[in-house]
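Worksheet for the structure shown next.
In the numbering used here, the protein residues as written are 3 to 97.
Right, dumping it as structure tokens:
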């Protein structure tokens with residue numbers, strides 16, 4: 003399944019999201035959701051400890067001036083790669 007988080011992790015039910023992911027699922031952080039990928043933060047550590055493959059939409063990090071602050075343990079992707087993930091994961095859940 004493909005999960006997307008578009009709101010700030012401080013305004014999302016992160017606990018429920020983490021309980022909902024299964025091994026092999028993907029999570030794309032976009033819009034204000036990219037805040038969750040800030041290096042050194044508690045939230046990124048929780049996400050990395052889960053079974054989910056973690057992706058961050060690069061144009062959204064660039065728009066917020068955060069690209070250099072994003073954890074090195076996530077994959078920065080562009081729109082074409084995001085589309086490819088939607089093809090690979092026909093079931094999707096937006097948070």
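Note that CB positions come from ideal geometry on N, CA and C, so glycine has one too.
Just so we're clear, the structure is a prediction, and the values are computed from it rather than from any experiment.
Starting from residue i and walking both ways along the alpha helix (DSSP H), at which residues does that stretch end?
i          : result
residue 86 : 81-90
Would you identify the three-state DSSP class for residue i, choosing helix, strand or coil?
i          : result
residue 71 : helix
For residue i versus residue j, is the C-beta spacing smaller than 7 Å?
i          : j          : result
residue 39 : residue 73 : yes
residue 80 : residue 32 : no
residue 58 : residue 29 : no
residue 71 : residue 51 : no
residue 37 : residue 11 : yes
residue 16 : residue 94 : no
residue 34 : residue 54 : no
residue 96 : residue 18 : no
Pull up the DSSP beta-bridge partners for residue i, would you.
i          : result
residue 65 : For residue 65, which the question treats as bridged, DSSP gives no partner whatsoever.
residue 5  : 29 and 95
residue 58 : 31 and 78
Considering just the uninterrupted stretch of the beta strand (DSSP E) at residue i, what are its terminal residues?
i          : result
residue 96 : 94-96
> Considering only residues of the segment 12-45, which uninterrupted beta strand (DSSP E) runs meet the minimum length of 3 residues and lie entirely inside it, listed in chain order?
Replying inline: 28-31
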